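Going letter by letter, the sequence shown gives residues -19 to -1, 1 to 515 in mature numbering (1 follows the signal peptide of the UniProt record, and there is no 0). Idealized CB from N, CA, C, for every residue including glycine. Because the structure is a prediction, the values reported are computed rather than measured. The structure appears right after this line, and notes come after that.
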Amino acid sequence: MLLIIVVLLVNLQIETSVSLTVVVPPDPIVAHVGSTVILPCWISPPENAEALEIRWYRQDQFSNPVLLYNHGKIQDIQEESYRNRSSLALRSDQSGGLKDGDVSLRLEKLTFQDEGPFHCYVSGEHSYGSEEVVLKITALGSAPVLSPESLDDGRVNISCRSSGWYPEPSVSWTSDEGRVLRPGGTSHTRGADEMISVHSWTAVSLSDAQLVSCSVSLRTGELKEGRLSIQGIVSSGPWKALFLTFIICALLGLVGFILYKYRHKLTGKEPVKEICEEETMERLTKEDEPKKEPDCEEGTLQILRKEVVEDINIEELRKHADEITIDRERSHPGLIVSRDCKMVMYRPEYKPTGEGFPYELCAFGAQRFTSGRHYWEVELSQINRPTKNFWIIGVLKHGNFTRRDRSALTPSAGFWFLCSDGPRGFYTNTDPPVKLSLTPRPERLGVLLDYDHGELSFYNVTERKHLLTISSRFSGSVVPLFNPGVGDKSPITILDLPKPVESAVELVVKSSDNPETVESVAESRQSLTIAQKA
């Protein structure tokens, strides 16, 4: 009889020790990265929890809690990553807090590492209860950017890009009639910050749709959509385009021939030969000694060559030269920057986060420009090394230093540059991008920023050629942009440009108060003229 009483007391004690009931939501709690979330947990039936122990902890981290409340206050025993980010909170506006048994947890500045189960543990002197709350972290990415490219068969290949997602999103294509279109392929790339970029593409014709939509979505139902009208992009075939091109070229050639034939009537000037003869006769009457009359057509060609050189006069460009250096603090950690901040290349141990060009591997100039013209040159080749195949050179709006993928590096986002992507060739970051065929490959590249006129120009300094000009509208401060890429051993070197040499005429004007100097300059010019004739 005594044994039965002892057994009953033990069972009663066990039932009492676990009689406290903790309740949590049955479904996972979903929240965005960087936001604040409340993980609900409460005692049922309601009971004052001010004198109880409340412990929130992660898996197998009971002694290293996210938050510990005991003896009427929050204790300092806490996992370091949750310090100043966790607190007790009300699960709803109607909650009575601890007095009503509400022991919910508030988490701030959520990170990807916060994803997973959290244990809500409540205990008193003779009872305890524990339940698990699952937290799901998401990140809603950028709006999809759609870009078209015409195909030879009359269709259009549409590319859809978006970045900044978590977890891995799905992509769907639809027509203006709501019909589902089959994608040609979809790829996902995870960056160093755990964010995921997505790239999908599909080929369509006017018979398929006139308006195409690309939707990027999470399992929670959150999505972002981009649309593109393909009317006017799809051509009726390559022969029509060739025919129109031929007609346009023929018309332009005819107009050019007419202007050339009747140029003296339109401009009121005599033909070149007559002008040449007049200048020759005038020169003979003014000079003391008779000189051989120059060949007229040869003189004309020299003038034309001079005009061409003046159009891309490197010395003229260098009058706007600035001292450019690299900002070490804002350069990507995967780069090596020289002590004088003039040379940059990638670290051998650096591994790109995805396939293709490493757009995140950027260095930025320390100088800011808000007006005027500014010119600098970079060396892309070294002795006994081949010319660089991979690089980005241009400018960006000051402050846009966040690491991004190609879809976000657009002029509307404050980026303007020319990219050399090895065998993939040269292209700009404009929308749509412009592909270039640059032969020979630039060994020294000149960059002219004309802020006031909204122009960014590139020059092959070695060949003295103008490559292209990007027209835009700049705002705020603009800084130089450099990316050495990966795959070749040559660095990008910012050159110290020499001061432009003053012409003899300028020296005469500046030295007009010194007769000896004027005479010396005149003799030098005469000697130079004789040497040229010889």
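{"query": "Residue 84 (DSSP reduced to helix, strand or coil)", "result": "coil"}
{"query": "Cβ-based neighbour list, residue 34, same chain, cut-off 6 Å, excluding 5 preceding and 5 following", "result": "51 and 104"}
{"query": "Residue(s) in a DSSP beta bridge with residue 97", "result": "116"}
{"query": "Where residue 32 sits in the DSSP three-state scheme", "result": "coil"}
{"query": "Identity of the residues DSSP links to residue 13 by a beta bridge", "result": "119"}
{"query": "Limits of the beta strand (DSSP E) - the one that residue 429 falls within", "result": "425 to 431"}
{"query": "Cβ-Cβ distance between residue 439 and residue 449 below 8 Å", "result": "yes"}
{"query": "Cβ-Cβ separation, residue 180 to residue 149 (assumed contact under 8 Å), whole Å", "result": "Contact doesn't hold; Cβ gap of about 13 Å is too wide."}
{"query": "Exposure of residue 95, with buried meaning 16 or more beta-carbon neighbours within 10 Å", "result": "buried"}
{"query": "Where residue 230 falls, given that 16 or more other Cβ within 10 Å makes a residue buried", "result": "exposed"}
{"query": "Contact the stretch 351 to 359 vs the stretch 406 to 418: 3+ CB pairs below 8 Å", "result": "no"}
{"query": "Straight-line Cα distance separating residue 307 from residue 318", "result": "8 Å"}
{"query": "Selection from 73, 199, 193 and 58 that minimises the alpha carbon distance to residue 119", "result": "199"}
{"query": "Assigned exposure category for residue 227 - 16 Cβ within 10 Å defines buried", "result": "exposed"}
{"query": "Rounded Cβ spacing between residue 99 and residue 114 (contact assumed at less than 8 Å)", "result": "5 Å"}
{"query": "Residue 63 - DSSP class collapsed to helix/strand/coil", "result": "helix"}
{"query": "Range covered by the beta strand (DSSP E) that runs through residue 130", "result": "126 to 131"}
{"query": "N-terminal and C-terminal residue of the alpha helix (DSSP H) that residue 320 is part of", "result": "It is not in any alpha helix (DSSP H) - residue 320 carries neither H nor E in the DSSP assignment."}
{"query": "Boundaries of the beta strand (DSSP E) in which residue 160 is found, first to last residue", "result": "It is not in any beta strand (DSSP E) - residue 160 carries neither H nor E in the DSSP assignment."}
{"query": "Beta-carbon proximity check, residue 382 vs residue 320, cutoff 8 Å", "result": "no"}
{"query": "Contact with chain D by residue 95, beta-carbon distance below 8 Å", "result": "The question asks about chain D, but that chain is absent: this structure has only one protein chain."}
{"query": "Beta carbon of residue 469 nearer than 8 Å to that of residue 396", "result": "no"}
{"query": "Cβ-Cβ distance between residue 437 and residue 426 below 8 Å", "result": "no"}
{"query": "N- and C-terminal bounds of the alpha helix (DSSP H) containing residue 295", "result": "295 to 299"}
{"query": "Alpha carbon of residue 433 to alpha carbon of residue 413, nearest angstrom", "result": "24 Å"}
{"query": "Residue closest to residue 176, alpha-carbon to alpha-carbon, out of 121, 117 and 362", "result": "121"}
{"query": "Helix, strand or coil at residue 228 according to DSSP, with G and I counted as helix", "result": "helix"}
{"query": "Rounded C-alpha distance that separates residue 298 from residue 356", "result": "7 Å"}
{"query": "Nearest to residue 441 (by Cα), restricted to the options 64, 399, 43 and 37", "result": "399"}
{"query": "Simplified DSSP assignment, three categories, for residue 79", "result": "helix"}
{"query": "Per DSSP, cross-strand counterpart(s) of residue 326", "result": "317"}
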